[in-house]
Amino acid sequence: MTTTEPAPETTAWWTSAVVYQIYPRSFADSNGDGIGDLGGIRSKLDHLAELGVDVIWLSPIYRSPQADNGYDISDYEDIDPLFGTLEEFDLLLAEVHERGMKLVMDLVVNHTSDEHPWFIESRSSRDSPKRDWYIWRDPMEGHEPNGWTSAFSGPAWTLDPATGQYYLHLFAAKQPDLNWQNPEVRAAVFAMMNRWLDRGVDGFRMDVINFIAKTEAELVGESVQPSMGPQIHDYLREMHREVFAGRDTELITVGEMPGVTVEDAALFTGADREELDMVFQFEHVGLDHSDAGKFDNLAFDLVALKTSLARWQTGLASSGWNSLYFGNHDQPRSVSRFGDDACFRYESATLLAAILHLHRGTPYIYQGDEIGMTNAGFTTIEQYKDIESVNHYSEVVAGGADPAIVLEQMAFRSRDNARTPVQWTPGPQAGFTHAEPWIEVNLNADTINVQTDRAAADRSIFEFYRGLIALRHELAVVALGEFALLEPEHPTLYAFTRTLGSDRLLVVGNWSSEQLRLPQGLTDDAGTRLIGNYPEWDMQTLEPWEVRVYSRAERSGT
């Protein structure tokens, strides 16, 4: 049995909060151009309020050439016309707050667009005052300064012929990396963040924030990929001092950190560290990647998943905080990846939700997961829009890979699986738009959509999520209880307890499409069934993808 230490005393509001991520271009279109926008988000705020979420996180809506769907920002101070205007943003923010929710912006400051005025000035001359705002290096023996590769295929360096130097871009060539060693860069970023907070924004999700610290030794002549430089903690503490300290509003900060360990996360999120509230780690969503990369799929291993999540529960029990997620805009649909979307979509979607939400940490719901949206099922390269997928296909097919096999891998793993439009209603374009959408709507939209799901009575995934969110709001044991993993080596049973004082939850889930006999004694003295995804149940047996939550806790106010 793996167990956490007793939960520390904490009253941070986000311990009992649930965050909902919106990918704006795929959420709802209000002006008929086939692209989701701020007006579309406003039109669906009641849906989110009824779901019960506390925080809305918007993927980037800043002005951008859209080379990476907004993660290439050309103006941090303005809204991209694709999505609306600053006035429309202010209206959205006010309506979010009127409904008792908070709004978090995506902060992308490891890099900008190559069309940002900062970079245009930086590349204009080696003598430019902003030359050192980005990372420029001389060629190494006529080639790139080191062997780093871009996350989107190819070298991480691009030669600027006009000045004869390479600039660094850990992502696309149109996303040059900022030089955080330059105090002028940090001051400009912090000033921008303060202006958004002054406008009323409630915090930031910080994109690949651990990449901002790079060491000089890494930058020239090394072949290893970048890692967190030693300055990262200094940068984040400076950010806290210059942006967040002294504000009397309830804010939230979460840092996306590929490659971060439990020990790292404890340092970033410890209450006395004054860095971040929580981090997004990637360990559990990388378990089914082979050494060849994310598109080379490994068989799912529940024991490995349980071991990983339990390690994070234990490691951040007394210092730090977990972000809980299975899906987001960079991951395939969770019910297709981890569940059985063909035969047991309702059951596996609700099991995944219960397992996730009843761990200790702040849960994140990705748009559409609350109705069990599935992978897109694309079969041709022309259907894909994501730069990562398109570049991967071009690179490996040019290298001799079988296009059919590559497309099969992409159909399971591509980020575009999460980026098809939210399916609101049956009928044309699933109620997302009246025009041709920027990316194809999933072909199953007539059966999987918000309207149909919410009318499904006892088999509504939306209603199941509502129940889970209500539990987190009402039961302190969900937010703060001690975690203990049960049956860690069982290949299909996911079971754990949460305990706070005399209150105890027992969660049991059958992570398979076959009936499961429970280990003897597991549910003895389990208490009352609080929530489950089957209307009838046997104490000793779990049906396919069945999940049950038992409680000896008292609800507040009763």
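When we follow our numbering, the leftmost residue of the sequence shown carries the number 25, and every step to the right adds one.
For every residue, glycine included, the Cβ atom is placed at its ideal position computed from N, Cα and C.
Three-state class that DSSP yields for residue i in the structure shown
i: residue 264; result: helix
i: residue 105; result: coil
i: residue 568; result: coil
i: residue 582; result: Confidence at residue 582 is low in this model, with a pLDDT of 36, below 50, so the placement of that residue should be treated as unreliable; the coordinate-derived value is given next. The answer is coil: DSSP assigns residue 582 none of H, G, I, E or B.
i: residue 275; result: coil
i: residue 150; result: coil
i: residue 434; result: helix
i: residue 446; result: coil
i: residue 40; result: helix
i: residue 33; result: Residue placement at residue 33 is poorly supported in this model, since its pLDDT is 48, which falls under 50; the coordinates still yield a value, given next. Reduced to three states, the DSSP call for residue 33 is coil.
i: residue 140; result: coil
i: residue 46; result: strand
i: residue 99; result: strand
i: residue 308; result: helix
i: residue 280; result: strand
i: residue 60; result: coil
Beta-carbon proximity of residue i to residue j, cut-off 9 Å
i: residue 524; j: residue 506; result: yes
i: residue 542; j: residue 517; result: yes
i: residue 257; j: residue 292; result: yes
i: residue 277; j: residue 302; result: yes
i: residue 129; j: residue 228; result: yes
i: residue 359; j: residue 341; result: no
i: residue 345; j: residue 308; result: no
i: residue 188; j: residue 490; result: no
i: residue 550; j: residue 527; result: no
i: residue 279; j: residue 375; result: no
i: residue 434; j: residue 416; result: yes
i: residue 49; j: residue 56; result: no
i: residue 137; j: residue 198; result: yes
i: residue 567; j: residue 274; result: no
i: residue 79; j: residue 233; result: no
i: residue 191; j: residue 147; result: yes
i: residue 399; j: residue 436; result: yes
i: residue 470; j: residue 454; result: yes
i: residue 42; j: residue 387; result: yes
i: residue 102; j: residue 115; result: no
i: residue 573; j: residue 546; result: no
Sheet register partners of residue i (DSSP bridge)
i: residue 164; result: 167
i: residue 135; result: 201
i: residue 346; result: 303
i: residue 184; result: 189
i: residue 507; result: 522
i: residue 573; result: 531 and 555
i: residue 71; result: Beta-bridge pairing links residue 71 to no other residue.
i: residue 541; result: 565
i: residue 130; result: 229
i: residue 179; result: 173
i: residue 314; result: 317
i: residue 86; result: 103
i: residue 386; result: 347
i: residue 259; result: Note: residue 259 sits in no beta bridge, so no partner.
Opening and closing residue of the alpha helix (DSSP H) in which residue i lies
i: residue 533; result: No alpha helix (DSSP H) contains residue 533, which is instead part of the beta strand (DSSP E) from 527-534.
i: residue 489; result: 485-498
i: residue 117; result: 110-122
i: residue 218; result: 207-223
i: residue 330; result: 326-339
i: residue 617; result: Residue 617 cannot be examined here, being either before or after the span of the chain that is shown, 25 to 582.
i: residue 372; result: 369-381
i: residue 291; result: 286-293
i: residue 359; result: 358-361
Unbroken beta strand (DSSP E) run spanning residue i, endpoints
i: residue 512; result: Residue 512 -> no beta strand (DSSP E), and no H or E assigned at all.
i: residue 81; result: 79-82
i: residue 319; result: 317-321
i: residue 475; result: Here residue 475 belongs to no beta strand (DSSP E); instead the alpha helix (DSSP H) covers 474-478.
Heavy atom of the ligand MG within 8 Å of residue i beta-carbon
i: residue 520; result: Ligands are entirely absent from the displayed structure, and the ligand MG is therefore not among its contents.
Any chain B beta carbon closer than 9 Å to residue i
i: residue 43; result: Protein chain content of the structure displayed is limited to a single chain, and chain B is not contained in it.
Entirely enclosed alpha helix (DSSP H) segments - the segment 388-431, minimum 4 residues: Counting whole runs of 4 or more residues, the segment 388-431 contains the alpha helix (DSSP H) stretches 411-422.
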